[in-house]
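Q:
Number of protein chains: 4
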Amino acid sequence: MKVFRRVYQSLVKYLEAAADFISEPEIEAFVKVLESIYRENRKAFVVGVGRSGLVGRAFTMRLMHLGFSAYVVGETVTPAARAGDLLIAISGSGRSAAVVAAAEVARSLGMKVVALTSFPDSPLAKKADLVVAIPGRTKVSHEDRWEIRQLLGLHEPLAPLGTQFEIVAQVVLDSVISELMYRLGVEEEDMKEYHANVEV
Amino acid sequence: MKVFRRVYQSLVKYLEAAADFISEPEIEAFVKVLESIYRENRKAFVVGVGRSGLVGRAFTMRLMHLGFSAYVVGETVTPAARAGDLLIAISGSGRSAAVVAAAEVARSLGMKVVALTSFPDSPLAKKADLVVAIPGRTKVSHEDRWEIRQLLGLHEPLAPLGTQFEIVAQVVLDSVISELMYRLGVEEEDMKEYHANVEV
Amino acid sequence: MKVFRRVYQSLVKYLEAAADFISEPEIEAFVKVLESIYRENRKAFVVGVGRSGLVGRAFTMRLMHLGFSAYVVGETVTPAARAGDLLIAISGSGRSAAVVAAAEVARSLGMKVVALTSFPDSPLAKKADLVVAIPGRTKVSHEDRWEIRQLLGLHEPLAPLGTQFEIVAQVVLDSVISELMYRLGVEEEDMKEYHANVEV
Amino acid sequence: MKVFRRVYQSLVKYLEAAADFISEPEIEAFVKVLESIYRENRKAFVVGVGRSGLVGRAFTMRLMHLGFSAYVVGETVTPAARAGDLLIAISGSGRSAAVVAAAEVARSLGMKVVALTSFPDSPLAKKADLVVAIPGRTKVSHEDRWEIRQLLGLHEPLAPLGTQFEIVAQVVLDSVISELMYRLGVEEEDMKEYHANVEV
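Rendered as structure tokens:
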């Protein structure tokens with residue numbers, strides 16, 4: 342159980358240290374975009390592949406609980422997007438072909454594009470109106486954010502592939518949800534009203 | 342290629358013969374329920390497992406294209422259902438546990454439940470306000486609708502497991518979509534406006 | 342119910358007439374590829390977006406029931422593909438960007454690519470080793486296969502968007518499954534052994 | 342941005358404090374079950390609804406990267422389970438009807454059932470061979486694990502609904518993956534070999 346404990350603690354420390362590499366202005370801008378989408382009754386679409394896609398789905402579900410018209414690209418009931426709607430594109434490497442392609446289509450439709458990625462100079466980031474940088478080693482890079490590794494005194498990867506990116510992105514997005522609850526005046530009880538009650 | 346040709350033709354003949362076993366009053370009642378859901382701006386939820394679930398998704402997507410608030414049970418953005426909303430439950434055998442359970446929950450919420458099944462005395466059918474009988478052998482029964490087999494002079498199953506049920510259900514539901522287009526005055530061009538334009 | 346009956350019957354007639362536009366050599370080549378994937382224990386991947394993707398999933402499930410190592414591109418457990426593996430790409434128009442992109446990646450990996458499409462000169466078809474032409478109006482074209490419309494004496498579309506393509510593709514693929522059962526000596530009882538028994 | 346920062350830090354502190362409420366013997370037993378599934382070449386199935394289901398998918402994907410035959414209940418290619426196979430059932434409340442039903446079916450098939458839940462006396466836990474308790478408020482309870490709230494000096498919920506459960510479960514399961522890498526001698530490079538390379 343040595344590895345389990347050490348990795349659990351290191352992931353927690355990584356999350357803690359990552360806070361310093363999350364840009365307050367970027368989060369503020371992201372929250373402002375979401376607020377305006379909500380208040381103008383526009384649609385938010387979320388796209389990601391693999392585990393980043395699952396992080397995106399978890400966020401989309403909470404947006405729905407907040408009362409957003411939110412959709413996952415590729416699901417059954419996802420409708421047409423219009424100019425002024427929002428695409429939230431999640432890719433640690435910023436190179437997932439399907440995500441970059443979706444961002445391209447979104448731009449051509451006049452949508453706003455927000456990218457969550459570890460690489461602010463990646464192909465995805467270049468197509469985005471706003472980049473929210475998320476520290477995290479990604480599967481295309483052998484390098485962690487070295488500053489964080491240094492802070493933690495680690496000499497090896499904590500967890501395989503994009504794990505750090507995915508966990509930091511999840512906690513960032515869940516904190517964005519709480520910020521939105523506060524700004525939009527949505528209580529947890531309101532969110533329960535939206536929560537699926539016929540589930541399989 | 343003997344088998345390919347013979348099965349293709351038999352499936353077509355099965356579909357043709359099935360028409361006589363599809364009840365016009367049942368379809369009429371189903372369309373009426375859908376019309377009222379649409380006009381009263383209520384939600385439609387669709388549930389099914391396995392290939393029946395895929396048939397259900399294909400139908401849900403078209404309902405969305407028509408302008409319904411339609412959802413697949415279990416997808417990310419599926420919200421809470423309320424009394425007066427509709428559950429469309431699809432199960433050839435009428436015994437898929439998750440589908441029966443969903444119908445039970447739906448009833449307890451005061452939803453309307455429409456069941457598409459080959460077995461009008463199945464557990465699912467018993468929980469439904471309306472049963473739309475769909476002829477088809479199902480995976481729990483070795484018997485085709487014998488009347489259809491007799492009509493076609495067939496002495497063996499056409500295709501494995503629930504294939505006939507799924508194909509007949511698909512064509513029935515696509516024909517319901519056309520009926521709804523006519524009744525609701527929705528043109529194909531209107532439907533294109535809803536069709537997803539950011540796809541992966 | 343005029344529309345429901347007329348469309349149901351027209352879809353059946355469309356399916357019947359479509360048989361003459363399905364190329365036996367193309368199906369034979371497709372079945373041969375599938376046989377060799379099965380016998381050489383290679384993997385089959387299926388990709389499609391929207392309702393074509395649902396048709397693809399229904400086929401993939403049956404391939405799994407037959408004992409194939411079959412996967413849907415984008416699902417959780419879909420592993421890496423290797424040279425010699427198969428991509429089955431389904432797109433009525435042959436222009437769905439994500440499907441074309443997947444075919445491109447597949448070629449670069451040395452996979453075999455089979456395209457099911459109504460347009461044998463489409464971008465998707467050009468990337469395929471084998472095209473299985475499926476007659477069907479698609480959502481990018483206002484034209485049905487006119488020969489079929491003529492045969493049926495129809496003056497208007499039967500059903501919206503890609504419906505005809507999707508239904509013909511479904512019946513073609515289910516007939517391919519029966520052909521594979523025959524060639525591989527798989528009985529329906531064998532397939533039941535693979536059928537999911539823990540379902541939600 | 343007050344809320345964002347405070348919630349981010351509180352979630353990190355919650356994760357840190359949660360470590361003391363995660364039972365080493367439970368994790369050890371869980372890892373042992375997984376090891377034996379791997380070495381005996383049996384199948385692992387994962388089930389969960391809503392965001393717990395997404396956590397389960399993220400774990401299943403990594404099991405696949407490790408070389409497990411791992412499946413998500415309800416996905417297209419999920420095959421039949423046999424006696425001796427494993428069901429991992431995830432539900433914060435331990436009351437999600439579909440998850441409890443799946444555990445019931447799994448037991449009747451002779452499968453091993455491991456439950457991840459915050460409630461070791463819940464209906465799900467009662468059907469499990471092994472319960473891995475995950476501290477977390479859940480959507481059916483207004484109570485956090487009060488010990489953790491006390492430790493943190495918090496007087497209000499950190500984040501809505503099941504968020505804490507989901508994040509702790511995610512980090513626990515990712516740490517289990519690292520433990521399995523160590524025990525099974527799987528390197529990150531090996532895992533990349535399994536990582537999907539045709540993605541949408």
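Protein chains in written order, with my numbering: chain A, 342 to 541; chain B, 342 to 541; chain C, 342 to 541; chain D, 342 to 541. No residue lacks a Cβ here, since even glycine has one placed at the ideal position from N, Cα and C. All values reported here derive from a predicted model rather than from experimental measurement.
Can you tell me which of the three DSSP states serine 482 of chain D falls into?
A: As a working mapping, residue 482 of chain D is identified with position 141 in the fourth sequence. No answer about serine 482 of chain D holds up, because its pLDDT of 47 lies below 50 and its placement is not dependable.
Q: Helix, strand or coil for leucine 502 of chain A, going by three-state DSSP, please let me know.
A: Position 161 of the first sequence, counted from the start, is the residue given in the question as residue 502 of chain A. If DSSP states are grouped into helix, strand and coil, leucine 502 of chain A belongs with coil.
Q: Is the Cβ of alanine 439 of chain C closer than 8 Å to any Cβ of chain D?
A: Numbered from its first residue, the third sequence carries residue 439 of chain C at position 98. Interface residue, yes.
Q: Might you give, ordered along the chain, the residues of its own chain that have their beta carbon closer than 7 Å to the beta carbon of valine 513 of chain B, omitting 5 neighbours on each side?
A: Looking up residue 513 of chain B in the second sequence gives position 172. Closer than 7 Å at Cβ, skipping near neighbours: Ile363, Ile475.
Q: Tell me which residue opens and which closes the beta strand (DSSP E) that threonine 458 of chain D is part of.
A: Your numbering for residue 458 of chain D matches position 117 in the fourth sequence. 453-458 is the extent of the beta strand (DSSP E) around threonine 458 of chain D.
Q: Count the other CB atoms, across all protein chains shown, that sit within 10 Å of the CB of arginine 398 of chain C; report buried if there are 16 or more and exposed otherwise.
A: On the third sequence, residue 398 of chain C is found 57 positions in, with the first residue counted as 1. Buried, by the Cβ-count rule.
Q: Less than 8 Å separating the beta-carbons of alanine 456 of chain C and alanine 444 of chain C?
A: Within the third sequence, residue 456 of chain C is the residue found at index 115, counting from 1. Within the third sequence, residue 444 of chain C is the residue found at index 103, counting from 1. For alanine 456 of chain C and alanine 444 of chain C, yes; Cβs fall inside 8 Å.
Q: Pairs of beta-carbons, one from the segment 416-436 of chain D and one from the segment 421-436 of chain A, closer than 8 Å: are there three or more?
A: Because the criterion of three Cβ pairs below 8 Å is not met, the segment 416-436 of chain D and the segment 421-436 of chain A do not touch.
Q: What's the gap between the Cα of glycine 526 of chain A and the Cα of asparagine 538 of chain C?
A: As a position in the first sequence, residue 526 of chain A is number 185, starting the count at 1. As a position in the third sequence, residue 538 of chain C is number 197, starting the count at 1. Cα to Cα, the separation comes out at about 45 Å.
Q: Assuming the contact rule is C-beta atoms closer than 8 Å, glycine 503 of chain B and arginine 392 of chain B should be a hit. Round their C-beta distance to whole Å, please.
A: Residue mapping note: residue 503 of chain B aligns to position 162 of the second sequence, counting from 1. Residue mapping note: residue 392 of chain B aligns to position 51 of the second sequence, counting from 1. The pair is a contact, with the Cβ atoms about 6 Å apart (cut-off 8 Å).
Q: Identify, in the order they occur along the chain, each residue of the same chain with its Cβ nearer than 7 Å to the Cβ of methionine 532 of chain C, setting aside the five sequence neighbours on each side.
A: Residue 532 of chain C sits at position 191 when you count from the first residue of the third sequence. Excluding positions up to five away in sequence, the list reads His406, Leu407.
Q: Under 6 Å Cβ to Cβ from alanine 370 of chain B, same chain only, skipping five residues before and after it: list those, please.
A: Counting from one through the second sequence, the residue named residue 370 of chain B turns up at place 29. Excluding positions up to five away in sequence, the list reads Leu471.
Q: On the DSSP letters alone, give me the boundaries of the beta strand (DSSP E) that serine 410 of chain D sits inside.
A: Mapped onto the fourth sequence, residue 410 of chain D falls at position 69. From DSSP, the beta strand (DSSP E) with serine 410 of chain D extends over 410-413.
Q: By how many angstroms is the C-alpha of valine 344 of chain D removed from the C-alpha of valine 441 of chain B?
A: Residue mapping note: residue 441 of chain B aligns to position 100 of the second sequence, counting from 1. Residue mapping note: residue 344 of chain D aligns to position 3 of the fourth sequence, counting from 1. Going by the C-alpha atoms only, they are around 43 Å apart.
Q: I'd like the list of long-range same chain contacts for valine 541 of chain D, defined as Cβ closer than 8 Å, with 5 residues on each side in sequence excluded.
A: Looking up residue 541 of chain D in the fourth sequence gives position 200. Nothing listed; no residue qualifies.
Q: For the segment 354-386 of chain A, enumerate the residues whose C-beta is nearer than 7 Å to any C-beta of chain D, in chain order.
A: Listed by position, the residues of the segment 354-386 of chain A near chain D (Cβ gap below 7 Å) are Leu356, Glu357, Ala360, Glu365, Ile368, Glu369.
Q: Please decide whether glutamate 445 of chain C counts as near chain B, where near means a Cβ-Cβ distance under 8 Å.
A: If you number the third sequence from 1, residue 445 of chain C lands on position 104. Cβ-Cβ to chain B under 8 Å: no for glutamate 445 of chain C.
Q: Residues in the segment 414-436 of chain C with C-beta within 8 Å of chain D's C-beta atoms, listed in sequence order?
A: Within the segment 414-436 of chain C, the residues whose Cβ lies closer than 8 Å to some Cβ of chain D are Val414, Gly415, Glu416, Thr417, Val418, Thr419, Pro420, Ala421, Ala422, Leu428, listed in chain order.
Q: Tell me whether lysine 468 of chain D sits in a helix, a strand or coil according to DSSP, three-state version.
A: Start at 1 with the first residue of the fourth sequence, and residue 468 of chain D comes out as number 127. Three-state DSSP puts lysine 468 of chain D in coil, outside helix and strand.
Q: Are the C-beta atoms of proline 476 of chain D and some chain A residue less than 8 Å apart?
A: Here residue 476 of chain D is taken as the residue at index 135 of the fourth sequence, counted from 1. It does not; no Cβ of chain A falls within 8 Å.
Q: Helix, strand or coil: which one does DSSP assign to valine 418 of chain D?
A: Stepping through the fourth sequence from its first residue, residue 418 of chain D is reached at position 77. The answer is coil: DSSP assigns valine 418 of chain D none of H, G, I, E or B.
Q: Give me, in chain order, the residues of the same chain whose beta-carbon lies closer than 7 Å to that of proline 461 of chain D; leave out the 5 immediate sequence neighbours on both sides.
A: On the fourth sequence, position 120 is the one that residue 461 of chain D refers to. The answer, listed in chain order, is Val472, Ala474.
Q: Let me know if lysine 467 of chain B comes out buried or exposed under the rule of 16 or more other beta-carbons within 10 Å of its beta-carbon.
A: The residue labelled residue 467 of chain B in the question sits at position 126 within the second sequence. Result: exposed.
Q: Quick check on leucine 395 of chain A: does DSSP put it in helix, strand or coil?
A: On the first sequence, position 54 is the one that residue 395 of chain A refers to. In the structure shown, leucine 395 of chain A sits in a helix (DSSP, three-state: H, G or I).
Q: Note down, one range per segment and in chain order, each beta strand (DSSP E) of at least 3 residues found wholly within the segment 346-409 of chain D.
A: The qualifying runs are 384-389.
Q: For alanine 359 of chain A, collect the residues of the same chain with a Cβ closer than 6 Å to its Cβ; drop the 5 residues on either side in sequence, then sort them by chain order.
A: Mapped onto the first sequence, residue 359 of chain A falls at position 18. The residues are Pro476, Val509.
Q: Determine, for threonine 504 of chain A, whether the minimum Cβ-Cβ distance to residues of chain B falls below 8 Å.
A: Counted from its first residue, the first sequence places residue 504 of chain A at position 163. Output row for threonine 504 of chain A: interface = no.
Q: Could you spell out where the alpha helix (DSSP H) holding alanine 439 of chain B opens and where it closes?
A: Translated into positions along the second sequence, residue 439 of chain B becomes position 98. First-last of the alpha helix (DSSP H) with alanine 439 of chain B: 438-449.
Q: With a threshold of 7 Å on Cβ separation, who are the neighbours of valine 390 of chain C within its own chain once the five nearest residues in sequence on each side are excluded?
A: Residue 390 of chain C sits at position 49 when you count from the first residue of the third sequence. Ser437, Ala439, Val440, listed in sequence order.
Q: What residue range is occupied by the uninterrupted beta strand (DSSP E) comprising isoleucine 429 of chain D?
A: For the purposes of this step, residue 429 of chain D is taken as residue 88 along the fourth sequence, with counting starting at 1. It spans 427-431 - the beta strand (DSSP E) in which isoleucine 429 of chain D sits, taken as one unbroken run.
Q: In chain A, which residues lie less than 7 Å from valine 544 of chain C when you measure between Cβ atoms?
A: The structure shown does not extend to residue 544 of chain C, since chain C is modelled only from 342 through 541, so no value can be given for it.
Q: For proline 501 of chain C, count neighbouring C-beta atoms within 10 Å of its own C-beta (all shown protein chains included) and say buried if the count is 16 or more, exposed if not.
A: Start at 1 with the first residue of the third sequence, and residue 501 of chain C comes out as number 160. Buried, since its Cβ has 16 or more Cβ neighbours within 10 Å.
Q: Quick check on valine 513 of chain D: does DSSP put it in helix, strand or coil?
A: In the fourth sequence, the residue the question calls residue 513 of chain D occupies position 172. Helix, per DSSP.
Q: When DSSP labels each residue in this structure, what does valine 344 of chain C get in the three-state scheme?
A: As a working note, residue 344 of chain C is residue 3 in the third sequence. Here valine 344 of chain C sits in helix by DSSP.
Q: Have a look at glutamate 367 of chain A and methionine 342 of chain D and give me their C-alpha separation to the nearest angstrom.
A: Position 26 of the first sequence, counted from the first residue, corresponds to residue 367 of chain A. Position 1 of the fourth sequence, counted from the first residue, corresponds to residue 342 of chain D. Taking the straight line joining both Cα atoms gives about 11 Å.
Q: Would you tell me roughly how many angstroms separate the C-alpha atoms of isoleucine 518 of chain D and arginine 524 of chain A, rounded to the nearest one?
A: Sequence index remark: in the fourth sequence, residue 518 of chain D carries index 177 (1-based). Sequence index remark: in the first sequence, residue 524 of chain A carries index 183 (1-based). Near 38 Å, if we compare the C-alpha coordinates of arginine 524 of chain A and isoleucine 518 of chain D.
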